[in-house]
Every structure is written in C-alpha cells, then in structure tokens.
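The sequence shown begins at 64 in my numbering and counts up one residue at a time. Each remark here refers to the structure printed beneath this line.
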Amino acid sequence: MSHPHPELSAPPKLPKGGLRVIPLGGLGEVGRNMTVFEYDGRLLIVDCGVLFPDDHHPGVDLILPDFAPIRDRLDAVEALVLTHGHEDHIGATPYLLREREDIPLVGSQLTLALVNSKLREHRLRNTPFHTVKEGDRISFGPFDLEFVAVNHSIPDALAVAIRTGAGMVLHTGDFKMDQLPLDGRITDLRAFARLGEEGVDLFLTDSTNADVPGFTTAERRITPVLEQAFAESKQRIIVACFASHVHRVQQVLDAAVKYDRKVAYVGRSMVRNMAIARDLGYLHVPPGVMVEAKELADLAPERQVLISTGSQGEPLSALARIAQRSHNFVHLEEGDTVVLASSLIPGNENAVYRVINGLSRLGANVVHKGNALVHVSGHASAGELLYCYNIVKPRNVLPVHGEVRHMLANGDLAKATGVENVVYAEDGVVVDLVDGVASVVGKVECGYVFVDGQSVGDVTESELKDRRILGEEGFISVIVVVDSVAGKVSAGPEIHARGHAWADSDFESIKQPIIDAVNRSLTEGSTDTYQLQQVIRRTIGRWVSNTHKRRPMIIPVVVEA
C-alpha cells in the first residue's frame, strides 16, 4: 500500500532543537497504532499495535505497522511506551522486538502483563520492563515522561506527557470521560489542566468518536440490560466480547451470581487475559461461579453462561465456530441467548452479520448493539473532546487514532475552542514541532506489513490481488504442446477451470483460436516460451471477458516437444 500523498517528498533533516513526529500506523485507520518521536537523534515509540484483516485481505492473519522507516535506527530507540493493553496498541510489539529484543517497554501493570504473555509465545525473554502508574515520571534519554490516568474500556490505561527541549507533547492514547466507571478510575482532568498551565505545545488526541455528538454512555448503563437478558433467558447464555474487556466480563460475572448461573470462558485469549486480570486484582471473581467449559454440560441449560471471543466475527474465533456448528464441545440449541457485547469495528460489519445470521438460523435469540444497549464505546465523544481542548488549551493539535473523517471532525472541534494550528496527517506523513509551531514537512514510505502464518512481510499487495481474483473470478489453466522445429502446435490446448460453473465443453469454441494464435506466433519466429504464454493469455482472456463477463486468473503452460 503506497501512501496517499504523492505531493509530499522525503522530509528534510530535522532542525536542531526540533521534535519530529512520524506516525507509522493508526492515522487514517482504526488499528495498528504506532507513533515515533525523534529528538536530538534519539527515538521514542508510543504504542505498537496490529490491524485485523478484512475481506480484502484473504489469508492474512494480522497487519503490522511498517518498521522500515526506523529499521536502520533501532539502536537509537530509547523506549517503547504502551498506553494500554488492547491489541491495536500492543499486538505488534513482539514483531518489533524480534528486530531488537532489548528495547525497554514502559506501561502500566496490566498492560505489561498482557504484553509479557505475548513475548513468551514468541520466546522473547530479554526485554526490560518498566512498570509505571499515574503520576509517575521517568526519563529515557532526552525524553522526560509523565503518566496520567485515563478511563477506557480496559483498566490501567494511561496518557503520556512527553517533555523535550522542543516543548511538551501530550498523547492521550485511547480515552473517554466516564464519570461513574466500574473501577472508579476516572480520566484525570486535573492533571490535564496542570499540564495545560505548564504549556502543551502539541496535543495528540484520540479521534475515534469525534464525529459522535454529546458524551459517551456510561458503562454502568449496560448492567440493567445484561441483567434483563439473564432474567428473560430460560436456557444457556453466551456472551461474546473482546478478550481484553475486563469491565464487561465483570458485569457478566456479577449477573451470573445474581441469577445463580455458572460461568466458563471459551477461547484461548479470553482464558489467558482473564486469568491475568484476576491474578493482578483487576477482575473480581466471586467464589464458586467459575467452572471449566467442558463441565458446563453437566449443568442444566438455565444455569450455564459462556463468555466467548469472536464479537467481531473473526472466522477462527470460538463464536464463529459455534455459529458454524464446528466447535469442539459447545453446541448451540434453539432458544439459547447470545449477547454480542461489543461495537462494530469499521470493516468488520459483514463478518459480524454473517455470525449473527448463523446464530439466528440455529434458533438463538441474538442480542446485539443494534437492538439493545449491550455495549458502549471506550472513546471520547465530541462533548468530551471539547472539554479537553478547553482545559488543556494546546498550542498545536494533531488528531490521531481514527479514519480520515474522524480526524477531520476532531480537528474541527479543536478549532471551535480556539486552537489556531491543527495539523492533519496520515500514516507516514512527518510532522515537525519547531519553535513552538507544528507543520507537515514530508513523508516516509509506509505501507501494510502482512502476517500470513509464519510469514511476516513476504505477502505483497500484488499477491493479495491475485488471491482476490482467485476467490472472486476463479482461474483457468491452458496447456499447449508445441513443436518448435515444425513451428506448430503438436498437442492441446488442454483447458481446465475452477471457481465458476464452467464445464470443459464450454471451451471447445476457443481451442482452435488458441491453436491459430500460437501457430501464427511460431510462424513469425516467436519461439520464446514466455511470449507464447502471453499469446495464450491474451487470446483466452479476451474470449472469457466477452463471452462470460469474467476476468479470471489465467495460467498458460507451454511445453516444447
């Protein structure tokens, strides 16, 4: 994927005393958040997350930020700061550490615990951890970091203030301003105000909900809706949510106790993350409520609750396999209730509705955000962002974390409060803060890096295009044997097709034109195998396009007798 700003060239050398900001993910998309800060030749990274593939990425498991712009400068990285434990902020960390394992990781207790489980899977054991909490202040090279509590849909989220000789940057991470959070930990607006009094030169703000008016609904509003689902259900209940949504799991556990049900986790990431949250005290598990998933079969359906992964329709998730009747031991029965306690991440709509349709076809009562208040966003809406701008009073604003429409809406909010300089960037667009003024100075090449099984970065956009053609248009193979001495086709063509309802007899009318085209090329002196393959490809390609209105992948094979 090339960058959508061809008018920008490579950035000039960073002026002495200036701060450079290089977003490598998360600007122009929802996911794979990663931002690099450069000052005095040293680098600081904030977040290193993944983007989950959609229907346009067949076969791809994960999408990473592009490390290429800093790959030859990894020795200059002072630290990687992780604002919170969601996959779109931490999921790519092991892939970066594969390239330099001793980059110090900085984050809250829960965030680093979630990352550590990933590092063990990747057999990374030599990474230094620096656990911080709100109010802490720590320096790495020329970067003086102060951490601020923010409220989000996962405990222990932090904003970070970065002080350098070029000025102060305040990076919110993902946040909202729930005034009655389940864990009692609110966004510290007093700290925001104090930093604003000191002078915030560049404010990087979460844009995800900037185009949503008003204020984000409080998490507590979900509890009555969940309890109603529990009260009305006469059979098993399955709740699907993000494997990191500790608050939602807590609400489900509390409802299960109230209605005398037992709970089991389904999905490896759910089991792992909730064990970490429980051990660290972020999740309170009432005595006697938890059982192993396979033990639920021994209980009456009206006493069963499963908490599952798969709220985004991920094809290999527990919920998707339940909907397809392919799960090892969870088999949906007519009358079961399934609660999808999550929002729709842009791009996942089709996958989610496929799962909903599959569950409904099996007779389940599906409760989702479209018909009940079973999820609220973890991001600040427009009203909350306005409060932040009025409190912080930043000199410059760079909207981050969102699609283009989100960032533009965020910038409009900043301007409405009197911010004079709002800078818009996307992945790869370089912004410099020099003499208190932020401006776009160029771009670096920054694309998608695809993880496909054990392969990292080997799959290209061209190969994905081939996969999409194979999936949507099918393929045709044509085998022709030529006698280069006699200068004519001696056997074939043998034609086979897959991916559409083509019979071998459908190709009888094109066989002679292929023979004629190849013979003509041979007569004209074209004996090169590749050139003859191209002749076959053009001939049958035109015929398929005109006859069947298709553009399949065509694989010609020329064999010399």
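Beta carbons are placed, not taken as given, at the ideal position from N, Cα and C, and that holds for glycine. As the structure is a computational prediction, the values presented were derived from the model and not from experiment.
Got a sec? Which residues, its chain only, sit under 6 Å from residue i by beta carbon, not counting five neighbours each side?
i, result
"CYS304", "ARG311, SER374, ALA404 and SER405"
"ASP678", "Not covered by the structure: residue 678. The range shown for the chain is 64 to 624."
"HIS394", "none"
"ILE201", "LEU208"
"ALA363", "none"
"HIS7", "One cannot answer for residue 7 here, as it falls past the ends of the chain, which runs 64 to 624."
"ILE300", "VAL368 and THR400"
"TRP606", "ILE573"
"GLY154", "GLY112 and VAL113"
"ALA435", "VAL288"
"GLY426", "GLU397"
"PHE293", "ALA318 and TYR322"
"ALA73", "GLY505"
"VAL622", "VAL544"
Look at residue i and residue j and say whether their C-beta atoms are less than 9 Å apart.
i, j, result
"ALA560", "ILE578", "no"
"ALA445", "ASP274", "yes"
"ARG613", "ALA580", "no"
"HIS185", "ASN96", "no"
"VAL485", "LYS506", "no"
"PRO157", "LYS181", "yes"
"LEU422", "GLY230", "no"
"GLY88", "ASP129", "yes"
"SER502", "ASP399", "no"
"LYS325", "VAL368", "yes"
"ASN459", "VAL500", "yes"
"VAL544", "ILE558", "no"
"LYS190", "GLY170", "With the sequence shown as reference, residue 190 is identified as Thr, and Lys is not the correct amino acid for it. Cβ distance not < 9 Å, so THR190 and GLY170 don't count as in contact."
"GLY330", "ALA306", "yes"
"LEU316", "VAL348", "yes"
"ARG83", "GLU70", "no"
"ALA624", "ASP546", "yes"
"GLY148", "ILE217", "yes"
"THR279", "ALA443", "yes"
"PHE266", "LEU233", "yes"
Can you list, in chain order, the residues of its chain with a C-beta nearer than 7 Å to that of residue i? Leave out the 5 residues immediately preceding and following it.
i, result
"LEU346", "VAL309, VAL312, GLN313, MET337 and ALA340"
"ALA488", "PRO86, LEU90, LEU461, VAL494 and VAL503"
"GLY80", "GLY228 and ALA229"
"LEU127", "ARG95, VAL113, ALA155, TYR158, VAL512 and VAL514"
"ALA176", "ILE339 and LEU343"
"THR610", "none"
"HIS464", "GLY89, ASN96, ASP237, ASP269, SER270 and THR271"
"GLU447", "LYS239, MET240, PHE278 and THR279"
"CYS509", "HIS66, LEU87, ASP129, PRO132, ASP490 and GLY491"
How far does the alpha helix (DSSP H) with residue i in it reach, from first residue to last?
i, result
"HIS310", "309–321"
"ALA73", "It is not in any alpha helix (DSSP H) - ALA73 carries neither H nor E in the DSSP assignment."
"PHE546", "According to the sequence provided, residue 546 is Asp. The question's Phe does not apply to it. It is not in any alpha helix (DSSP H) - ASP546 instead sits in the beta strand (DSSP E) that spans 538–546."
"LYS181", "172–184"
"LEU160", "156–160"
"ARG583", "571–586"
"VAL288", "285–295"
"ARG134", "131–134"
"GLU150", "150–153"
Cβ of residue i less than 9 Å from any chain D Cβ?
i, result
"ASP129", "Here there is only one protein chain, and chain D is not present."
Starting from residue i, follow the beta strand (DSSP E) in both directions and report where the run begins and ends.
i, result
"TYR328", "325–329"
"THR98", "97–102"
"PRO619", "616–623"
"ILE300", "300–303"
"ILE85", "82–88"
"ILE126", "125–127"
"ASN434", "Taken as a continuous stretch (DSSP letters only), ASN434 belongs to no beta strand (DSSP E), as it is neither H nor E."
Is it the case that the CB of residue i approaches a heavy atom of the ligand GTP more closely than 8 Å?
i, result
"ASP207", "Although the ligand GTP was asked about, the structure shown includes no ligands whatsoever."
Identify, in the order they occur along the chain, each residue of the same chain with its Cβ nearer than 8 Å to the Cβ of residue i, setting aside the five sequence neighbours on each side.
i, result
"ASN453", "THR480"
"ASP138", "ARG163"
"VAL467", "GLY91 and GLU489"
"PRO78", "ASP495 and VAL497"
"VAL320", "PRO349 and VAL352"
**OP:** Ignoring anything shorter than 3 residues or poking outside the segment 224–279, list the beta strand (DSSP E) runs there in chain order.
**Re:** 230–234 and 265–269
Original post:
Is the number of C-beta pairs between the segment 140–157 and the segment 225–245 that are closer than 8 Å three or more?
Top reply: yes
**OP:** Decide yes or no for the touch test of the segment 237–248 against the segment 210–221: beta carbon pairs closer than 8 Å, at least 3 of them.
**Re:** yes
**OP:** Mind the definition here: the segment 283–291 touches the segment 254–268 only if three or more C-beta pairs lie below 8 Å; say whether that holds.
**Re:** no
Original post:
Does the count of Cβ pairs from the segment 466–477 and the segment 264–274 closer than 8 Å reach three?
Top reply: yes
Subject >> Contiguous beta strand (DSSP E) assignments of at least 3 residues, all confined to the segment 334–412 >> reply: 367–371 and 400–403
Subject >> Any alpha helix (DSSP H) of 4 or more consecutive residues that is wholly inside the segment 445–505 >> reply: 445–455 and 467–479
Original post:
In chain order, which continuous runs of the beta strand (DSSP E) of length 3 or greater are located wholly inside the segment 188–223?
Top reply: 192–194, 200–203 and 206–212
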